[in-house]
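Novice: Residue numbers (the numbering used here): 1265 to 1958.
We treat Cβ as the ideally placed atom computed from N, Cα and C, and that holds for glycine.
This structure is a prediction, so every number in the text was calculated from the model and none was measured.
Let me begin by handing over the structure; questions about it come next.
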Amino acid sequence: MKRLAFLTRTSSVTLALWTLLLCGCAGIGESLSLKKTVLVKVPIDTPITAGSSDGWKFLHVLEAPKDEERRGQWYVAWNDQKPIVTSRLGAYWRTIFSRAAEIAAATKGAFGRYPLLIEPNRSFSQVAAKQPPEPARGERVKSEFGEGVRLVIDKPTLKVWSDARKPDPRHPGKFIIDPMWHLDEDHSQLAKARERLGKAGEGIRIGHLDNGLDARHPASPMNLEGGRRLANAVGLLDFAQRQSRGENPPNPIPPELTGSSHGLGTAGILAGSWVAIDEKTVPGGRIKEYYGWLGGAPHATVVPVKVAPWVISLSTAELAYSIDYASRRRKCDIISMSHGGAPTQAWVDAVNAAYERGTAMFAAEGDFFSLICDPFAPHGIIVPASPVYPAAFRRVVGVTGVTADQRSYASNSLWRLLGDITGIAKWAARGSHGADGTSTVLLRPNRKPDPSQLKRLGQLRPHPIAAYAPNIPWISVRDVKGKRVADGVDLDGAGTSAATPQVAAAAALWLQKNRAELEAKGYWSNWRKAEAVYHALLKSASRGDKQKADKYLGAGLLRASSALDVTLDEIEGAKPPPRGLQTENPPDGSLYFGKAPNDYFDGARSVWSVFGLHTWRESEGKERATLRQKGATKDTPAEAMQRLYYNLLLLREWHGGDVPIKDERDRHGNITRPRHETMYWNRARKLAEKSLAR
């Protein structure tokens, strides 16, 4: 039966993958490419860049949280003499089990400790990376902050979505469109918030995790910290492997020189420089001129990190590495991720550790396609199931979409489609929505938010915040008579990818305003900084006349200037209720200031969950079997290997979409009903004895 279930899931996920490919996510198959390596977690405190033993090479990827239960360092491991060889995805776990003792012995030889965990390393295939030729810079314009650029509208707004058009007072019967409508006081309030702070975002470091960009565009962030090849996670493993074989591979290209249009667009929304846009006549009206800042936090320091060749990662090591790189190595205060997919245990450790350092993380909930129109809910067979990860993690705030007319970006009207039937593909593109731990697919309908967040953080905390899309400015490189010119702007910027950097920019402004107080209280380098800015944004979000969160718009609409009015004293005053009170059903609109529970990985958070194909059984966190990651320095080989095999058995089930259940115990800790934990622990002991007897 289990084999049949696996084959059924495999067939279903294949169909789902083809659906994504047909919907324009070309190249997603690369996310499932296995580079014949593994990820290994070693229980050591201090990162060691690399190691080797018995033919195995180890390269440091990320640092786990520092607490006693989860501490350790993650490495990617490979063996050039005896590489891991599998002919198909399903055989990978079988191979890991057969070579676990060998990998464990090599880990012990390299670091003096046996590993806690071994995971498959899904990694992007080497993408041929060639730096595109430098584009012409476009017409320069003067500003009080130095030279800007005159942008040329390359693509106008999409008629199948609201674009904030209003009656033109100069031309009765015609309309006028403000190209920067998303910044105004009726929407994100980012323009007003910028004015209140002067040099908006100054002193704040933002990690921009995307698929690269072209920083040679004059409208890209002016304080871009580039020039680092280690910030390009794509191909970094191939580079290290080739070096280990004595080859002389070319260095990875720094992210800001890779020429990505997606990353360029999101970076412009986040912290774009000074621009001018001339008035443009369009059928039925005109687009008004603009002169000013493009991005929400133009004075922030932006740290670009290339996390993938496109916008989707399915259990890849690159995203975990990139979060750690931005948070730990580059000391970013904020991470903006217009990116998502399915996690692994390594992702979980990267997110938990970054949160503990005080890094506030914002991620896109994802996008899907639907042909269902208002007033019907956009349910059915939706791929991906929403929200995707890392947005769905408890310690990350997800970002969903809201249109210019304050409607959910998850749905659209038939009337708009009839107005431009040629735009059906753009009309069908929608923004994913939903609280942490919920799903909108047919097989797994909406559920309540993650109960572990509701207990101590309030009713709003598990929900995303909504920012504005589509039809916002998206800077681009134009093709003019066969030449590339860096002066383009498309006014059809869309997706939750366009919404996410708006929220990250608002977070930068709040941190800038409150930095001195956060530092004085000792909050700057721990979880309180992240949680304080989350609280300010969620508390100030507009919910109209509602108190509780909205099914589609989450905690409400971004209001950056209103967030600046939320003081740290006010946030600290929102203390969680006494334990045991208001835990299961917190009041509507409640938001407390407390530490979010640890994020975790299981079958409901595997790659299968993206397609709604994970197990039907629901289980709360307190019912799940959990990993045993506390490694003692005096473990015997038998004890260390039993723990490793136990963790491998659990991880295999989780990656396959299943959720094993823990033993039932009495109040004294005695097992009253043995379940998966006991079964796996006994199996692990036999596997350890067999491996050590060889």
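Per DSSP, what are the beta-bridge partners of residue 1496 in this structure?
Specialist: Here residue 1496 corresponds to residue number 232 of the sequence shown, with the count starting at 1. According to DSSP, which records beta bridges pairwise, residue 1496 is partnered with 1570.
Novice: With DSSP as the reference, label residue 1227 as helix, strand or coil.
Specialist: Here the chain has residues from 1265 to 1958 only, and residue 1227 is not among them.
Novice: For residue 1411, name the three-state secondary structure that DSSP assigns.
Specialist: Here residue 1411 refers to the residue found at position 147 of the sequence shown. Three-state DSSP puts residue 1411 in a strand.
Novice: When the Cα atoms are used, what is the spatial distance from residue 1746 to residue 1416?
Specialist: As a first step, residue 1746 must be located in the sequence shown, where it is residue number 482. As a first step, residue 1416 must be located in the sequence shown, where it is residue number 152. Using only the alpha carbons, I get a separation of about 16 Å.
Novice: Evaluate residue 1349 with the Cβ neighbour count: other Cβ atoms within 10 Å of its Cβ, from every protein chain shown; 16 or more gives buried, anything less gives exposed.
Specialist: As a working mapping, residue 1349 is identified with position 85 in the sequence shown. Flag for residue 1349 reads exposed.
Novice: Do residue 1337 and residue 1310 have their beta-carbon atoms positioned less than 9 Å apart in this structure?
Specialist: Working through the sequence shown from its first residue, we reach residue 1310 at position 46. Working through the sequence shown from its first residue, we reach residue 1337 at position 73. Contact flag set, yes.
Novice: Considering only residues of the same chain and omitting the five flanking positions on each side of residue 1553, which have a CB-CB separation below 8 Å?
Specialist: To locate residue 1553, count along the sequence shown from 1; it is residue 289. So the qualifying residues of the chain are 1540, 1541, 1542, 1543.
Novice: Closer than 6 Å by C-beta to residue 1504: which residues in its own chain qualify, once you throw out the five before and the five after it? Chain order, please.
Specialist: Position 240 of the sequence shown, counting from 1, holds the residue named residue 1504. The answer, listed in chain order, is 1323.
Novice: Under a three-way DSSP split, which group does residue 1360 fall into?
Specialist: One-based indexing of the sequence shown puts residue 1360 at position 96. If DSSP states are grouped into helix, strand and coil, residue 1360 belongs with the helices.
Novice: State the beta-bridge partners of residue 1752 as determined by DSSP.
Specialist: As a working mapping, residue 1752 is identified with position 488 in the sequence shown. Looking at the DSSP assignment, residue 1752 forms a beta bridge with 1416, 1740.
Novice: State yes or no: is the C-beta of residue 1918 within less than 9 Å of the C-beta of residue 1869?
Specialist: The count along the sequence shown starts at 1 and reaches residue 1918 at position 654. The count along the sequence shown starts at 1 and reaches residue 1869 at position 605. Yes, they are a contact pair.
Novice: Considering Cα atoms alone, identify which of 1501, 1738, 1476 is closest to residue 1490.
Specialist: Translated into positions along the sequence shown, residue 1490 becomes position 226. Among 1501, 1738, 1476, the Cα nearest to that of residue 1490 belongs to 1476.
Novice: Whose C-beta lies closer than 6 Å to the C-beta of residue 1472 among residues of the same chain, with five residues either side of it excluded?
Specialist: The residue you call residue 1472 lines up with position 208 of the sequence shown. Closer than 6 Å at Cβ, skipping near neighbours: 1531, 1566, 1568, 1600.
Novice: Alpha carbon to alpha carbon, how far is residue 1641 from residue 1675?
Specialist: The residue labelled residue 1641 in the question sits at position 377 within the sequence shown. The residue labelled residue 1675 in the question sits at position 411 within the sequence shown. So the alpha carbons of these two residues sit roughly 7 Å apart.
Novice: Would you report the Cα separation of residue 1889 and residue 1925, rounded to the nearest angstrom?
Specialist: Stepping through the sequence shown from its first residue, residue 1889 is reached at position 625. Stepping through the sequence shown from its first residue, residue 1925 is reached at position 661. In a straight line, the C-alpha of residue 1889 is about 5 Å away from that of residue 1925.
Novice: Give a yes or no on whether the C-beta atoms belonging to residue 1730 and residue 1672 are separated by under 9 Å.
Specialist: The residue given as residue 1730 occupies position 466 in the sequence shown. The residue given as residue 1672 occupies position 408 in the sequence shown. For residue 1730 and residue 1672, yes; Cβs fall inside 9 Å.
Novice: Please tell me whether residue 1796 and residue 1724 are closer than 9 Å, where the distance is taken between their beta carbons.
Specialist: Your numbering for residue 1796 matches position 532 in the sequence shown. Your numbering for residue 1724 matches position 460 in the sequence shown. Their beta carbons are not under 9 Å apart, which means residue 1796 does not touch residue 1724 by this criterion.
Novice: Would a C-beta distance cut-off of 9 Å place residue 1922 and residue 1867 closer than the cut-off?
Specialist: As a working note, residue 1922 is residue 658 in the sequence shown. As a working note, residue 1867 is residue 603 in the sequence shown. Yes, they are a contact pair.
Novice: Assuming residue 1560 contacts residue 1776 (C-beta within less than 8 Å), just tell me the rounded distance between them.
Specialist: Taking the first residue of the sequence shown as position 1, residue 1560 is located at position 296. Taking the first residue of the sequence shown as position 1, residue 1776 is located at position 512. Not a contact, Cβ separation roughly 12 Å.
Novice: Relative to the C-alpha of residue 1596, which candidate in 1623, 1379, 1577 has its C-alpha closest?
Specialist: Mapped onto the sequence shown, residue 1596 falls at position 332. Answer by Cα proximity: 1623.
Novice: For residue 1672, name the three-state secondary structure that DSSP assigns.
Specialist: Looking up residue 1672 in the sequence shown gives position 408. Strand.
Novice: Does the contact criterion of 3 or more C-beta pairs under 8 Å hold for the segment 1450 to 1467 versus the segment 1824 to 1839?
Specialist: Yes, since at least three Cβ pairs between the segment 1450 to 1467 and the segment 1824 to 1839 fall closer than 8 Å, the two stretches touch.
Novice: Check whether the Cβ of residue 1702 sits closer than 8 Å to any heavy atom of the ligand ADP, and report yes or no.
Specialist: In the structure on display, the ligand ADP does not appear, and there are no ligands present to speak of.
Novice: Identify every residue that forms a DSSP beta bridge with residue 1305.
Specialist: Working through the sequence shown from its first residue, we reach residue 1305 at position 41. Looking at the DSSP assignment, residue 1305 forms a beta bridge with 1338, 1381.
Novice: Give a yes or no on contact between the segment 1581 to 1593 and the segment 1847 to 1857, applying the rule of three or more CB pairs nearer than 8 Å.
Specialist: They do not touch, by the three-pair rule.
Novice: Please name the residue in 1667, 1639, 1664 whose C-alpha comes closest to that of residue 1678.
Specialist: Position 414 of the sequence shown, counted from the start, is the residue given in the question as residue 1678. For residue 1678, the nearest C-alpha among the options comes from 1639.
Novice: Are the beta-carbon atoms of residue 1629 and residue 1652 separated by less than 9 Å?
Specialist: Indexing the sequence shown from 1 puts residue 1629 at position 365. Indexing the sequence shown from 1 puts residue 1652 at position 388. The answer is yes: Cβ separation under 9 Å.
Novice: What do you get for residue 1418, buried or exposed, if any count of 16 or more other CB atoms within 10 angstroms of its CB means buried?
Specialist: As a position in the sequence shown, residue 1418 is number 154, starting the count at 1. Residue 1418 should be labelled buried.
Novice: What does DSSP give as the partner residues of residue 1905 in its beta bridges?
Specialist: The residue labelled residue 1905 in the question sits at position 641 within the sequence shown. Looking at the DSSP assignment, residue 1905 forms no beta bridge with any residue, so it has no partner.
Novice: Touch check for the segment 1404 to 1415 and the segment 1749 to 1756: three-plus C-beta pairs under 8 Å?
Specialist: Yes: the two stretches touch, three or more of their Cβ pairs being nearer than 8 Å.
Novice: Which residue comes first and which comes last in the alpha helix (DSSP H) that contains residue 1474?
Specialist: Translated into the one-based positions of the sequence shown, residue 1474 becomes position 210. That residue, residue 1474, is in no alpha helix (DSSP H); its beta strand (DSSP E) goes 1469 to 1474.
Novice: Comparing C-alpha positions only, which one of 1863, 1841, 1799 sits nearest to residue 1834?
Specialist: Position 570 of the sequence shown, counted from the start, is the residue given in the question as residue 1834. If we check each option's Cα against that of residue 1834, 1799 comes out closest.
Novice: Give me the Cβ distance between residue 1841 and residue 1443, rounded to the nearest whole Å; I'm assuming they're in contact under 8 Å.
Specialist: In the sequence shown, counting from the first residue as 1, residue 1841 sits at position 577. In the sequence shown, counting from the first residue as 1, residue 1443 sits at position 179. With a Cβ gap of about 46 Å, residue 1841 and residue 1443 do not count as contacting.
Novice: From this set, 1317, 1355, 1903, 1364, which residue's C-alpha is nearest residue 1344's C-alpha?
Specialist: Here residue 1344 is taken as the residue at index 80 of the sequence shown, counted from 1. Checking every option, the nearest Cα to that of residue 1344 belongs to 1317.
Novice: Using the C-alpha atoms, what's the distance from residue 1368 back to residue 1581?
Specialist: Walking along the sequence shown from the start, residue 1581 turns up at place 317. Walking along the sequence shown from the start, residue 1368 turns up at place 104. Whole-angstrom Cα-Cα distance: 20 Å.
Novice: Is residue 1801 helix, strand or coil when you go by DSSP?
Specialist: Taking the sequence shown and counting its residues from 1, one reaches residue 1801 at position 537. Residue 1801: helix per DSSP, three-state reduction.
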